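A.B. asks: Just add 1049 to the spot in the sequence shown (first one is 1) and you have the working numbering. All residues carry an ideal CB built from backbone N, CA and C; glycine is no exception. Quick caveat: nothing in here was measured; it's all calculated off a predicted structure. Let me begin by handing over the structure; questions about it come next.
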Amino acid sequence: MDDPVIETALEGRIVSLESLQPGESGIVEIVEAGQFENGLSVRLRALGLSNSHQVSMVRRGWFGGPLVVRAGKATEIAIRRSEAELVKVRKI
1050 MDDPVIETAL
1060 EGRIVSLESL
1070 QPGESGIVEI
1080 VEAGQFENGL
1090 SVRLRALGLS
1100 NSHQVSMVRR
1110 GWFGGPLVVR
1120 AGKATEIAIR
1130 RSEAELVKVR
1140 KI
């Protein structure tokens, strides 16, 4: 295969943002719209969850609560787990 994203996914290194544990980081590879409108995809990108940007899991909410994610060096955002599942990252 010549597609590095697919090769990395097959190696198990591309995972959903939701699956990262606190302290783990990744590079955003794909932001899917999923069953939601394209507006959600646009909003996630505007918050800093866009392709090739580094993200880190800061905190996971209890009992299925929101996730706190650092996008870049200083921006921290809280997003729903269902939204985080739409963001695919390459673990670093």
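Using CA atoms only, rank isn't needed, just tell me which of Lys1140, Arg1139, Leu1135 is closest to arginine 1080.
C.D. replies: The displayed chain sequence assigns valine, not arginine, to residue 1080. When only C-alpha atoms are compared, the closest one is Leu1135.
A.B. asks: Where glycine 1113 and serine 1131 are concerned, what is the direct C-alpha to C-alpha distance, given to the nearest angstrom?
C.D. replies: 10 angstroms
A.B. asks: Are leucine 1096 and alanine 1127 close, meaning C-beta to C-beta below 8 angstroms?
C.D. replies: no
A.B. asks: Taking 6 angstroms as the limit between beta carbons, can you name the residues of its chain near leucine 1066, skipping five residues before and five after?
C.D. replies: Ala1133, Val1136, Val1138
A.B. asks: Could you give the DSSP three-state label for serine 1065: helix, strand or coil?
C.D. replies: In the structure shown, serine 1065 sits in a strand (DSSP, three-state: E or B).
A.B. asks: Assuming arginine 1109 is part of the alpha helix (DSSP H), what are its boundary residues?
C.D. replies: Unbroken run through arginine 1109 is the beta strand (DSSP E), 1103-1109; no alpha helix (DSSP H).
A.B. asks: Could you tell me whether the Cβ atoms of isoleucine 1141 and serine 1101 are closer together than 8 angstroms?
C.D. replies: no
A.B. asks: Quick one: what's glutamate 1125 bridged to in DSSP?
C.D. replies: Arg1119
A.B. asks: Taking C-alpha atoms, which residue in Ser1105, Gly1110, Arg1109, Glu1073 lies nearest to threonine 1124?
C.D. replies: Ser1105
A.B. asks: Take glutamine 1070 and list the residues in its own chain whose beta-carbon comes closer than 7 angstroms to its own, dropping the five residues that flank it on each side.
C.D. replies: Met1106
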